[in-house]
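To start, the structure under review is shown below, and the notes come after it.
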Amino acid sequence: MSNMSHILEGNEEFDEELAMKIKPTNTNPDDDEDEDVEKILESFTKDHLVALIKKGVSKHLDLIEIMRELTDANPTHCKIFIHGLGWDTTAETLTSVFCKYGEIEDCKVVTDRVSSKSKGYTFILFKHQSGAWKALKQPQKQIGNRTTPWSRPIAIPISC
-15 MSNMSHILEG
-5 NEEFDEELAM
5 KIKPTNTNPD
15 DDEDEDVEKI
25 LESFTKDHLV
35 ALIKKGVSKH
45 LDLIEIMREL
55 TDANPTHCKI
65 FIHGLGWDTT
75 AETLTSVFCK
85 YGEIEDCKVV
95 TDRVSSKSKG
105 YTFILFKHQS
115 GAWKALKQPQ
125 KQIGNRTTPW
135 SRPIAIPISC
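Here is the structure:
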């Protein structure tokens, strides 16, 4: 099994069809199946892999869609953290500010259990990584009567 298949299988969102799309295929009958491809790739640095992927995507445009599907399947690439919110901030207020960047899957203001008031921070989960990155291009946002000091990603994917 390739390392990529192993990585993907650890993801609850793993899709067998998607794994088949990215499975390396052997074009030389004299080679020992996919293991040779895997060994070659394991010797590459991150910069080499990025260059290889960029070249592959430029020649095979369907690869970019596969990359997006893989990224969108991992919620840490689609989630941002925002702090500096006012105590009166609601999920509705946040949704109205952030929906222009992309479809929002989840937005819950972290609240105090006793007072039910905002603790001043939240996590927003976008349906697609592109929504999270669009929102992060302008890290300061006017939300209610406050300007948030900074929004940041939960995880920084390799593609960035």
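Here our numbering is used: the first residue of the sequence shown is -15, the next is one more, and so on. Every residue gets a Cβ at the ideal spot worked out from N, C-alpha and C, and that includes glycine.
Please name the residue in the options whose C-alpha comes closest to that of residue i.
i, options, result
"Thr79", "Thr55, Lys30, Thr106", "Thr106"
"Gln113", "Arg130, Lys92, Met51", "Met51"
"Pro133", "Leu69, Ile64, His44", "Leu69"
Using the beta-carbon count (16 or more within 10 Å), is residue i buried or exposed?
i, result
"Asp(-1)", "Here Asp(-1) scores only 46 on pLDDT, less than 50, and its place in the model should not be relied on; the value that follows carries that caveat. Exposed: under 16 other Cβ atoms inside 10 Å."
"Val93", "buried"
"Ile127", "buried"
"Val34", "exposed"
"Leu45", "exposed"
"Pro59", "buried"
"Asn(-13)", "Residue placement at Asn(-13) is poorly supported in this model, since its pLDDT is 43, which falls under 50; the coordinates still yield a value, given next. Result: exposed."
"Glu(-4)", "Because the pLDDT at Glu(-4) is just 41, under 50, the model does not fix this residue reliably, and the value given afterwards should be weighed accordingly. Flag for Glu(-4) reads exposed."
"Thr40", "The residue you asked about is not Thr; residue 40 is Gly in the sequence shown. Per the 10 Å Cβ criterion, exposed."
"Ser143", "Residue placement at Ser143 cannot be trusted, given a pLDDT of 40 that sits under 50; what the coordinates show is reported in the next sentence. Result: exposed."
"His32", "exposed"
Can you tell me where the alpha helix (DSSP H) holding residue i begins and where it ends?
i, result
"Asp96", "Looking at the DSSP string, Asp96 is not in any alpha helix (DSSP H), and its letter there is neither H nor E."
"Ser114", "113 to 120"
"Ser42", "30 to 43"
"Ser56", "Strictly speaking, residue 56 in this sequence is Asp, with Ser absent from that position. Asp56 -> alpha helix (DSSP H) spans 46 to 56."
"Glu87", "No alpha helix (DSSP H) holds Glu87; DSSP gives it neither H nor E."
Rounded C-beta distance between residue i and residue j? I'm assuming under 8 Å.
i, j, result
"Glu87", "Phe110", "7 Å"
How about residue i and residue j: do their beta carbons lie closer than 8 Å?
i, j, result
"Val81", "Lys118", "no"
"Leu120", "Ile64", "yes"
"Ser100", "Trp71", "no"
"Gly104", "Tyr85", "no"
How far does the beta strand (DSSP E) with residue i in it reach, from first residue to last?
i, result
"His67", "63 to 67"
"Ser135", "135 to 137"
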